[in-house]
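Comments concern the structure below.
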Amino acid sequence: MGAEKRKWNTRVDDYLNRKAAERGHVIAMARMGSTALERGDLDGAETWFRKAAEGGDRVAMGNLAHLLNERGVPEQAERWYREAATAGDSHAMSHLGNLCARRGDREAAEDWWRRAAAEGRVEAMAELARSRHRGGDLEEAEYWAGEAAEAGNVEGMITLGAVLCDTGRTSEADPWWRKASEEADAASLIKLGHQAQQRGDLTRAESCFHAAAAAGAPDAAVRLGLVLHRRGELDAAERWYLKAAKRGDAAAMTNLGVLANDRNDPGEATAWYRKAAELGSVPAYTNLGRLAADHGNFQEAEHWFRAAADTGDQAGLRDLEELYRNRQRY
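Letter 69 of the sequence shown, counting from 1, is numbered 69 in UniProt numbering, and no numbers are missing.
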C-alpha cells in the first residue's frame, strides 16, 4: 500500500511540476529537465534546461552545457558554461577552462581554472597546477598542486611529485607518489604516465610511473627506468630495471643488457639477454644475434635472428637478411 501511495504522490508531483513549468516557472523547468535526463530523454532534457537557462537559472545553464558537451556540440556548451561561470558557478568555470584548453586557448583556460580554484574547485586546482608546471612556473604549480593533493586529488599528487622532483626535492616527492598509489590503481597511473610521455612531458611521466611503481607494478618500474635511461640518468635507470627484473620482467632484463653493452661489458649483456630470451623477449633475441655477429659467431647469430624473424619481428628479419648478405660477400 505504501509503495502505491508513493507512486501516486510522484505522479501528482510530476503533474504539478509540469503545469508550473508550462506556466514559465524557472525552477520547475529545471526540474523537468532533470526528470527527462533521468529517463534518458535527451531531447526533452535539452528543451527544458534551455528554457530554464534562458530564464536565468544558473544550475540549468550548467546542466545544459554538460548535456551539449556530451552531445558533441562544444561551441554551444561553451556559451552556456560561460553564462553559468559569469553568474558565479565554480563548476562551470572549471569546465569552461577545460573547453578553452581543448581548443588551444591556454591563457583563457588558466584564467577560468584560477577563478574556479579560488572558489575551492579541487579539479580546477589540479588542472591549473599541471598547466603552470608545463609553462615553467614552478612556484604557482607547486602551490595549486599542493592544495589539490591535500584535498586528496590524485592528479594534484602526481603534479606535486613532478614539481618537487624538478626542484631537486625527490625525497619530498616520494610520500606523495606513495599516497597517489594508495588512491589510484597502478593501471590508471601507468595510463596517465603514457599520456604524459606522448605529450613529451617526461617529468610528469616519471611522477606517474613512480607512483605506479610504489604500488608494486613491475611494468611501471620498467617504464620509469626507460624515462630515466633516455634522460641519461643511467644509475637510477639501472636500479629500477633491477627491481623489475627481480620480479621476472623480461623487458627489464633486456634493458639491463643494453646498459651493460653500452658499458662495453658483453659478458654481462649476454647474461641478461639470455635470461630475457628464456622468457620470450624478442628484442633479446635480436640483441643476442647482434652480439654473436659482432664476435664472428655467425651460426649463433643466425639462430637468434631467425628466432626473432619467426615471431614476425621486422628487425629480426632485416638482421637475418643482412647476415646472409654479409656472409655471401665474404
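Idealized CB from N, CA, C, for every residue including glycine.
My output table needs one value for residue i: the three-state DSSP class, helix, strand or coil.
i      : result
Asn153 : coil
Asp137 : coil
Lys7   : For Lys7, the predicted model reports a pLDDT of 46, less than 50, meaning its position is unreliable and no value from the coordinates is stated.
His295 : coil
Ser181 : helix
Gly168 : coil
Arg50  : helix
Gly2   : Only weak support is given to the placement of Gly2: the predicted model assigns it a pLDDT of 45, under 50, and the question is left unresolved by the model.
Glu322 : helix
Glu233 : coil
Thr270 : helix
Tyr330 : Here Tyr330 scores only 46 on pLDDT, less than 50, and its place in the model is too uncertain to base an answer on.
Pull up the CB-CB distance for residue i and residue j, whole angstroms please, since I reckon it's below 8 angstroms.
i      : j      : result
Ala205 : Gly193 : 5 angstroms
Thr311 : Pro283 : At roughly 11 angstroms, the Cβ-Cβ gap does not stay under 8 angstroms, so Thr311 and Pro283 are not in contact.
Glu238 : Leu259 : 6 angstroms
Determine the direct distance from the alpha carbon of residue j to that of residue i, and round the result to whole angstroms.
i      : j      : result
Ser207 : Ala251 : 20 angstroms
Asp219 : Ala30  : 48 angstroms
Glu321 : Thr286 : 13 angstroms
Lys243 : Ala276 : 15 angstroms
Val12  : Arg58  : Low confidence applies to Val12: its pLDDT is 49, below 50, so where it sits in the model is not reliable, and the reading given next is rough at best. Roughly 27 angstroms between the two C-alpha positions.
Ala109 : Gly62  : 17 angstroms
Met32  : Thr86  : 24 angstroms
Arg279 : Ala196 : Rather than Arg, the amino acid found at residue 279 in this sequence is Leu. One C-alpha to the other measures close to 29 angstroms.
Gly44  : Cys100 : 28 angstroms
His229 : Leu138 : 24 angstroms
Asp235 : Ala116 : 42 angstroms
Ala187 : Ala212 : 8 angstroms
Lys5   : Val26  : Because the pLDDT at Lys5 is just 42, under 50, the model does not fix this residue reliably, and the value given afterwards should be weighed accordingly. Using only the alpha carbons, I get a separation of about 28 angstroms.
Give me the residue from the options with the minimum Cα distance to residue i.
i      : options                          : result
Ile158 : Glu38, Trp177 and Cys100         : Trp177
Lys191 : His95, Leu224, Thr170 and Arg50  : Leu224
Arg79  : Tyr143, Arg106, Glu107 and Arg50 : Arg50
Asn297 : Asn326, Gln314 and Asp313        : Asn326
Considering residue i, what are the terminal residues of the alpha helix (DSSP H) in which it resides?
i      : result
Ala213 : Leu202 to Ala214
Gly62  : Arg58 to Glu70
Gly225 : Pro218 to Arg230
Arg114 : Arg106 to Ala118
Ser188 : Ala186 to Gln198
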